[in-house]
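S.K.: Have a look at this one.
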Ligand code: NDP
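Residue numbers (our numbering): 8 to 346.
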């Protein structure tokens with residue numbers, strides 16, 4: 008059995024979803040309530056591969072909300088992730104994806120050093136961040152969407168916003184080895200970490216977002232922002248392809264306009280309907296088929312019987328592992344969302 012640990016994007020989102028799922032008592036509550044809510048299994052899932060293989064899984068809502076990262080609620084956020092992991096393990100799930108901020112909190116606050124949750128010793132090999140598949144899918148989107156919107160990738164300037172992160176650094180490695188655009192611009196808040204990536208891949212310019220945006224034909228957004236940012240659209244080139252892999256989203260779709268294309272990054276579409284209801288609540292256009300690539304990674308590991316933390320730690324995703332997960336992604340009928 009596979010598992011998905013997820014969370015909602017804001018308190019408002021959580022209130023709406025709680026009511027929709029029939030948890031009326033959660034729907035009118037404030038952040039305090041969500042801080043004390045335990046993890047819950049809110050969906051049972053059946054996925055069929057195009058090979059005919061069938062697997063089952065559970066969706067565990069951690070009850071974490073990005074608002075908890077603001078102010079003094081870091082310990083609560085950490086507890087949410089650890090409790091959700093312990094819950095998944097107690098349910099006997101073989102491999103569980105840590106969706107959205109779950110893996111970011113796990114890494115940033117070194118939760119690997121806290122393996123004991125009450126009477127449960129966490130077995131980290133039962134978990135994956137799902138970031139290898141996410142990075143692979145984003146790179147496929149770069150290639151396929153640039154073709155769709157008439158951007159010649161070999162002549163393009165590509166910016167990666169969040170280039171020093173786990174997904175961002177993997178995207179930079181793939182761009183370097185497989186796609187080689189004309190220019191690569193590396194953006195994040197801390198230049199030191201960007202210079203490390205630049206040293207590793209052997210090229211790319213470290214710039215601020217304000218400097219990079221007006222030069223970019225394509226921007227990959229993989230910054231860990233608890234809520235979206237505003238950008239000055241008038242600065243952007245036309246055409247400009249913006250692939251937004253953030254969860255919550257880094258950008259708003261409202262900036263789309265003549266020559267500005269915003270694509271939901273890190274999203275896959277399955278060839279067959281998935282028996283679940285959970286993607287309805289995160290506003291996927293086709294909720295029975297579209298899902299986050301990190302969730303799909305745990306499905307792929309279950310299909311293949313690879314019970315291992317395939318994606319783990321930070322900035323260790325190799326091009327070879329992206330190819331490996333990409334191959335089984337295609338085999339089981341997943342494809343990147345293109346526009
Ligand atoms: P990491 O924490 O590893 O990396 C985050 C990156 O963003 C770092 O480079 C960080 O560098 C940068 N960053 C943070 N804040 C800012 C800012 N204000 N401006 C510019 N750069 C910033 O995160 P991941 O790579 O694990 O995840 C990235 C995003 O992808 C998240 O939104 C996550 O929720 C999403 N995600 C999506 C998935 C999917 O399936 N679609 C799966 C998993 C994650 P610095 O701190 O120096 O600024």
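Just so it is clear, CB atoms sit at the ideal spot from N, CA and C, and this is done for glycine as well.
From a predicted model like this one, the values you see are computed outputs, not experimental measurements.
So, for residue 22: in the same chain, excluding its five sequence neighbours on each side, which residues have a beta-carbon less than 8 Å away from its beta-carbon?
M.R.: So the qualifying residues of the chain are 33, 34, 35 and 36.
S.K.: Heavy atom of the ligand NDP less than 7 Å from the Cβ of residue 138, yes or no?
M.R.: Residue 138: yes, Cβ under 7 Å from the ligand NDP.
S.K.: Whole angstroms is fine: what's the gap from residue 271's alpha carbon to residue 297's?
M.R.: Cα to Cα, the separation comes out at about 11 Å.
S.K.: Run the proximity test for residue 3: is its beta-carbon closer than 7 Å to any non-hydrogen atom belonging to the ligand NDP?
M.R.: Shown here, the chain extends from 8 to 346; a query on residue 3 therefore has no answer.
S.K.: Which residue marks the beginning of the alpha helix (DSSP H) containing residue 149, and which one marks its end?
M.R.: Note, residue 149: alpha helix (DSSP H), 138–155.
S.K.: Quick check: the Cα distance between residue 284 and residue 213, rounded to an integer number of angstroms?
M.R.: Taking the straight line from one Cα to the other gives about 42 Å.
S.K.: Following the continuous alpha helix (DSSP H) through residue 337, name the residue where it begins and the one where it ends.
M.R.: Start and end: 326–338.
S.K.: From 277, 240 and 247, pick the residue whose C-alpha is nearest to that of residue 262; which is it?
M.R.: Residue 262 has its Cα closest to that of 240, out of 277, 240 and 247.
S.K.: For a test of your reading of the model: does the CB of residue 175 fall under 7 Å from any non-hydrogen atom of the ligand NDP? Yes or no.
M.R.: Yes; taking the cut-off as 7 Å, the Cβ of residue 175 has a heavy atom of the ligand NDP nearer than that.
S.K.: For residue 55 and residue 48, what's the separation of their Cα atoms in angstroms?
M.R.: Going from the Cα of residue 55 to the Cα of residue 48 covers about 21 Å.
S.K.: Which stretch, first to last residue, makes up the alpha helix (DSSP H) that contains residue 108?
M.R.: Element bounds for residue 108: 108–115.
S.K.: Once the 5 residues before and after residue 185 are set aside, which same chain residues still bring their CB inside 8 Å of it?
M.R.: Correct list, in chain order: 146 and 326.
S.K.: With a cut-off of 8 Å on the beta carbons, I'd call residue 95 and residue 12 a contact; round off their distance for me.
M.R.: Sure, about 6 Å apart at Cβ, within 8 Å.
S.K.: Can you check whether the CB of residue 197 is closer than 8 Å to the CB of residue 235?
M.R.: Cβ distance not < 8 Å, so residue 235 and residue 197 don't count as in contact.
S.K.: What residues in its chain sit with their C-beta under 6 Å from that of residue 294, if we drop five residues either side in the sequence?
M.R.: Closer than 6 Å at the Cβ level, and outside the excluded window around residue 294, lie 286 and 287.
S.K.: Could you check whether the Cβ of residue 80 sits closer than 7 Å to any heavy atom belonging to the ligand NDP?
M.R.: No, the ligand NDP has no heavy atom inside 7 Å of this Cβ.
S.K.: From what residue to what residue does the alpha helix (DSSP H) around residue 207 run?
M.R.: That run of the alpha helix (DSSP H) goes 198–208.
S.K.: For residue 277, name the three-state secondary structure that DSSP assigns.
M.R.: It is a strand residue.
S.K.: Cα separation between residue 279 and residue 344?
M.R.: Approximately 14 Å between the Cα atoms of the pair.
S.K.: Between which two residues does the alpha helix (DSSP H) containing residue 296 stretch?
M.R.: Per DSSP, residue 296 belongs to no alpha helix (DSSP H) and is neither H nor E.
S.K.: Kindly identify the DSSP beta-bridge partner or partners of residue 104.
M.R.: Per DSSP, 11 and 135.
S.K.: By how many angstroms is the C-alpha of residue 292 removed from the C-alpha of residue 53?
M.R.: C-alpha separation (whole angstroms): 20 Å.
S.K.: Can you tell me whether residue 138 is buried or exposed? The criterion is at least 16 other CB atoms within 10 Å of its CB, across all chains shown.
M.R.: It is buried - the Cβ of residue 138 has at least 16 other Cβ atoms within 10 Å.
S.K.: Using the C-alpha atoms, what's the distance from residue 131 back to residue 337?
M.R.: Approximately 27 Å between the Cα atoms of the pair.
S.K.: Does residue 64 come out as helix, strand or coil in the three-state DSSP assignment?
M.R.: Three-state DSSP puts residue 64 in a strand.
S.K.: Please report the straight-line C-alpha distance between residue 178 and residue 254, rounded to a whole angstrom.
M.R.: Distance between the alpha carbons of residue 178 and residue 254 is about 17 Å.
S.K.: Run the proximity test for residue 5: is its beta-carbon closer than 7 Å to any non-hydrogen atom belonging to the ligand NDP?
M.R.: A question about residue 5 goes unanswered here, because the residues of the chain that appear run from 8 up to 346.
S.K.: Three-state secondary structure (DSSP) at residue 70?
M.R.: DSSP places residue 70 in coil when its eight states are reduced to three.
S.K.: Please report how far the alpha carbon of residue 39 lies from the alpha carbon of residue 46, in whole angstroms.
M.R.: Rounded to whole angstroms, residue 39 to residue 46 spans 15 Å at the Cα level.
S.K.: Between 61, 31, 70 and 59, which lies nearest to residue 18 when the distance is taken from Cα to Cα?
M.R.: Out of 61, 31, 70 and 59, 70 has the C-alpha closest to the C-alpha of residue 18.
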